Amino acid sequence: MRKALIVQVVRAQTAQNKVTFDIAGVHNSQLSFFTRRFLVDEAVMLGHGSGGSMMKRIIDEVFFKAYGDEILLKGDDAAVLPAPKRNERLAFSTDSFVVSPHFFPGGDIGKLAICGTVNDVATSGARVKYLSCGFVLEEGYPMDNVKRICATMAKTAAEAGVQLVTGDTKVVNKGHGDGVFINTSGVGFIPDGIDLSGTNCQPGDKILLSGTLGDHGITIMSCRESLSFQTDIQSDAAPLNHLIADVLAVAPHTRAFRDPTRGGLASTLNEFAAQSQTDMVVDQDAVPVKDNVMGACEMLGYDIFQVANEGKMVAIVPASEADAALAAMKANCYGRDAAIIGEVTEMAANRGPKALIRTPIGGLRILDMLVGEQLPRIC
154 MRKALIVQVV RAQTAQNKVT FDIAGVHNSQ LSFFTRRFLV DEAVMLGHGS GGSMMKRIID
214 EVFFKAYGDE ILLKGDDAAV LPAPKRNERL AFSTDSFVVS PHFFPGGDIG KLAICGTVND
274 VATSGARVKY LSCGFVLEEG YPMDNVKRIC ATMAKTAAEA GVQLVTGDTK VVNKGHGDGV
334 FINTSGVGFI PDGIDLSGTN CQPGDKILLS GTLGDHGITI MSCRESLSFQ TDIQSDAAPL
394 NHLIADVLAV APHTRAFRDP TRGGLASTLN EFAAQSQTDM VVDQDAVPVK DNVMGACEML
454 GYDIFQVANE GKMVAIVPAS EADAALAAMK ANCYGRDAAI IGEVTEMAAN RGPKALIRTP
514 IGGLRILDML VGEQLPRIC
């Protein structure tokens, strides 16, 4: 008589929402079937990064199913892409995402991974075309979370009009990661005649901001510390490549774009000032900030100008094109709260380049870059 097959599964829910399994008395011939039909659908296992059948299944049934791009589905080790048009240049950027928590109001780590790289490439004036995606998963991480993240990434990529064409998956032992880390790299094509750089900023140029400051940073902190506010605060994560294209269509002499992520507006303006050897002067009253976000910053002791954003863009535009650029921003769904917040001025002769805030009473204060880490793992 064939020996009876005994399968015992124990699921232990931990504080980190991870699932552990004990398997006893399973014939080797049956283990493959068992893992395929049950365990693989429950949680990430080391086998998902082994290069074998379990890895093939997570690729086929999670990543391929979510993304479905024709180039990706070929399954080759490298994505073969069409060459840019004559006289076009390539723009290339990469970014890694370790945000905690993985899910938060307004998005998740997957949405950040798409938006962050799309926006970085788009700041060059490029038409963002292709993305790669690398996952580092921790053993025991719920597979439903992976599927949810992939679905968000696919939706956000579709909104941005970009293709996810290649990727990679690695799995680390339980306790050696924090569920999921993601790296994305992006490629875009810069049309001839576009030259965007912080070195281009000139005295007299206007500083534009596409919307309210601090939404993302305060959202992450409120989730992490279980803070509650009278009104909802959510992340501003958004792909801004179409907004940038809209601005360039009406303000072709735009000097530079930059997204004020880690370090906030303060870091962005100081970077522009250093690159162009100018001063960046911002009118405090002109900067759009939601009341609940400002209230949270005051309560937590944060400088709103140093808080991270994930769906905002700073543009330096010649004064003659500033009004048209502002109108283009406001016409985009992600730029409705856009404003002209300041101007580029000559650097004072007795010191180096600075970012400055003009206060409501007319004084100037130095806007320093963030020192140290204000909000760790913000993106």
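If you want my numbering, it's the position in the sequence shown, counting the first as 1, plus 153.
Note that the Cβ used here is the ideal one computed from N, Cα and C, for glycine as well.
If you're wondering where the values come from, they're calculated on a predicted model, not measured in any experiment.
Whose CA, out of the options, lies closest to the CA of residue i?
i, options, result
"Val495", "Ile347, Val440, Glu474", "The identity of residue 495 in the sequence shown is Gly, whereas the question assumes Val. Nearest C-alpha to Gly495: Val440."
"Val315", "Asp490, Asp385, Val271, Ala477", "Val271"
"Ala402", "Leu290, Ala279, Asn462, Leu517", "Ala279"
"Gly269", "Pro237, Ala310, Gly293, Ala231", "Ala310"
"Glu131", "Pro405, Ser253, Gln437", "Nothing can be reported for residue 131, as the shown portion of the chain is limited to 154 through 532."
"Lys282", "Gly293, Tyr294, Ser246", "Ser246"
"Tyr220", "Asp385, Asn503, Ala307", "Ala307"
"Phe288", "Ile360, Met208, Cys354, Gly351", "Met208"
"Leu317", "Gly341, Cys286, Pro295", "Cys286"
"Lys264", "Arg239, Val340, Lys359, Glu463", "Glu463"
"Thr352", "Ala492, Ser375, Phe342, Ser277", "Ser277"
"Asp389", "Asp444, Lys465, Thr407, Met482", "Lys465"
"Glu291", "Lys300, Arg301, Lys323, Ala275", "Lys323"
"Ile469", "Leu453, Ala492, Pro513", "Ala492"
"Lys359", "Ala196, Asn485, Asp230, Thr407", "Thr407"
"Asn298", "Gly202, Glu195, Val252", "Glu195"
"Gly488", "Thr498, Ser363, Ala313, Gly202", "Ser363"
"Val446", "His369, Val524, Met433", "His369"
"Val400", "Gly328, Cys450, Ala484", "Ala484"
"Gly346", "Met296, Arg242, Gly228", "Arg242"
"Ala501", "Asp432, Arg518, Ala449, Leu528", "Asp432"
"Leu517", "Val435, Val197, Glu526, Leu528", "Val435"
"Val340", "Ile386, Asn394, Leu361", "Asn394"
"Asp230", "Gly204, Glu214, Ile531", "Gly204"
"Gly260", "Pro529, Gln527, Asp490, Ile386", "Ile386"
"Asp459", "Glu223, Gly228, Pro413", "In the sequence as displayed, the identity of residue 459 is Gln instead of Asp. Residue Pro413 is the option with its Cα nearest to Gln459."
"Ala304", "Leu528, Ile531, Phe217, Gly293", "Phe217"
"Pro471", "Gly357, Ser338, Leu225, Arg301", "Gly357"
"Ala427", "Pro258, Leu380, Ala477, Met522", "Met522"
"Glu378", "Gly330, Leu453, Asp222", "Leu453"
"Phe257", "Val215, Leu226, Ile302, Lys227", "Ile302"
"Ala477", "Asp444, Gly515, Ile397, Asn503", "Ile397"
Helix, strand or coil: which one does DSSP assign to residue i?
i, result
"Lys465", "coil"
"Tyr220", "helix"
"Asp321", "strand"
"Leu517", "strand"
"Thr512", "coil"
"Met452", "helix"
"Ala481", "helix"
"Gln316", "strand"
"Ser277", "coil"
"Gly525", "coil"
"Val616", "Since the first residue shown for the chain is 154 and the last is 532, residue 616 is missing from the structure and cannot be characterised."
"Arg210", "helix"
"Cys532", "coil"
"Leu241", "Reading off the sequence, residue 241 comes out as Glu, not Leu. Residue state, collapsed to three classes: coil."
"Thr270", "helix"
"Arg411", "strand"
"Ala311", "helix"
"Gly259", "coil"
"Ser533", "There is no way to answer for residue 533, as the model of the chain reaches only from 154 to 532."
"Cys486", "coil"
"Lys227", "coil"
"Leu290", "strand"
"Val197", "coil"
"Leu284", "strand"
"Val299", "helix"
"Val470", "strand"
"Ala439", "helix"
Between residue i and residue j, how many whole angstroms is the CB-CB distance? I'm expecting something under 8 Å.
i, j, result
"His255", "Gly332", "6 Å"
"Asn124", "Leu199", "Because residue 124 is not part of the residues shown, which for the chain are 154 to 532, the question remains open."
"Leu509", "Ala419", "Not quite, the Cβ-Cβ distance comes to about 11 Å (not below 8 Å), so this is no contact."
"Phe425", "Cys376", "With a Cβ gap of about 31 Å, Phe425 and Cys376 do not count as contacting."
"Ala461", "Pro392", "Between Pro392 and Ala461 the Cβ distance is about 17 Å, and since that is not below 8 Å, they are no contact."
"Ala244", "Val274", "5 Å"
"Phe250", "Phe342", "The Cβ separation is near 24 Å, so there is no contact."
"Ile373", "Val252", "7 Å"
"Ala409", "Leu349", "5 Å"
"Gln437", "Thr498", "Not confirmed; about 16 Å, so no contact."
"Leu361", "Met482", "7 Å"
"Val442", "Tyr294", "With 8 Å as the limit, Val442 and Tyr294 do not qualify as a contact, their Cβ atoms being about 36 Å apart."
"Arg415", "Val467", "Their Cβ separation, rounded to whole angstroms, is 14 Å, which puts Arg415 and Val467 out of contact at 8 Å."
"Cys450", "Ile531", "That pair is no contact at about 14 Å."
Does residue i get closer than 7 Å to chain B when you measure Cβ to Cβ?
i, result
"Glu214", "Here there is only one protein chain, and chain B is not present."
### Message
To test your reading of the DSSP string, which unbroken alpha helix (DSSP H) runs of 4 or more residues are found completely within the region 324-409?
### Response
368-377, 394-403
### Query
Can you find at least 3 beta carbon pairs, one from the region 236-246 and one from the region 496-508, that sit closer than 8 Å?
no
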